[in-house]
Amino acid sequence: IFKGDAAFVCFVADVESNWPGGQPHRVLQICDFYTKNNGNWIQNGSDTGLHQESLEDQLASPRPIGDQMKKRLLDAREAVWRAWFAGDRAILEKLIPQETIAIESGNNDWSNRQIILDGSEQFAKSGGKLMKLEFPKTEIQMYGAAAVVYSNYSYELEQGGQRVNQSGRVTEVFVLRKGQWVNPGWHMDSGK
5 IFKGDAAFVC FVADVESNWP GGQPHRVLQI CDFYTKNNGN WIQNGSDTGL
55 HQESLEDQLA SPRPIGDQMK KRLLDAREAV WRAWFAGDRA ILEKLIPQET
105 IAIESGNNDW SNRQIILDGS EQFAKSGGKL MKLEFPKTEI QMYGAAAVVY
155 SNYSYELEQG GQRVNQSGRV TEVFVLRKGQ WVNPGWHMDS GK
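Numbering (our numbering) for the sequence shown: 5 to 196.
Structural data, given as structure tokens:
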């Protein structure tokens, strides 16, 4: 597009590259801005971004999770569990978003955020206490800003002077939003 001594050139580029850590093939969308200076066209600016096709490929591909990010993710996971048993509504409201869907062990009904918050409050009011919480095996898959955390879990509760042990498997979904991992869903089973 020409406008006097200015021009915009917008195009899609199919790029093959060979550099460490980079994608070997990408499709880019580029818009360059040129001005005419002493009869010659000079590039004055450029906006380059991934084309939707490459962006979708990138978001659908597994990506590594660094040690620091992994620690933050697992800390958020543990915070959700501990907050639930402690009846800590403020932390749960921060870490469990509105759209949460959960499938609990031994229950055919699915939970939503309100049911989860209410269950936490009822457990805390009953005088139950979390005595031990462990995740003996955990695997993580990360795609874009979402992580799927697969774990074996075990915990020990004290309720009414009795000790109760529970264990099983859980698949949890976490999404990184504004620098904070939130937990919009999980599926638990007894592992049997």
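Ideal placement from N, C-alpha and C gives every residue a C-beta, glycine not left out.
Check                                                                                                   : Outcome
Beta-carbon gap between L161 and V152 smaller than 8 angstroms                                          : no
Between the CA atoms of K182 and Q170 - distance to the nearest angstrom                                : 34 angstroms
I144 - containing beta strand (DSSP E), residue span                                                    : K133 to Y147
Euclidean distance between Cα positions of N42 and L77                                                  : 56 angstroms
C-alpha distance - L121 paired with K98, whole-angstrom precision                                       : 12 angstroms
Buried versus exposed call for N111 [16 or more other C-beta atoms within 10 Å across all chains shown] : exposed
Uninterrupted alpha helix (DSSP H) stretches inside the stretch 70-112 (no shorter than 4 residues)     : 71-90 and 93-99
Whole-angstrom C-beta distance between Y159 and E143, which should lie under 8 angstroms                : Rounded, the Cβ-Cβ distance is 19 angstroms, inconsistent with contact.
Spatial distance of K7 from K40 (CA atoms)                                                              : 11 angstroms
8 angstroms Cβ cutoff met for S130 and Q163                                                             : yes
For G172 and V16, the rounded distance between their alpha carbons                                      : 50 angstroms
Same chain, Cβ closer than 6 angstroms to K133, neighbours up to 5 away in sequence not counted         : E162
Among V84, I69, D71 and L180, the one whose alpha carbon lies nearest that of S124                      : V84
Cross-strand partners of L161 (DSSP beta bridge)                                                        : L134 and V168
Cβ shell of I107 (< 8 angstroms), same chain only, five flanking positions each side left out           : W114, S115, W190, H191 and M192
C-beta atoms of I100 and R117 nearer than 8 angstroms                                                   : yes
Option nearest W185 by Cα separation, candidates E82, M135, K141 and L137                               : E82
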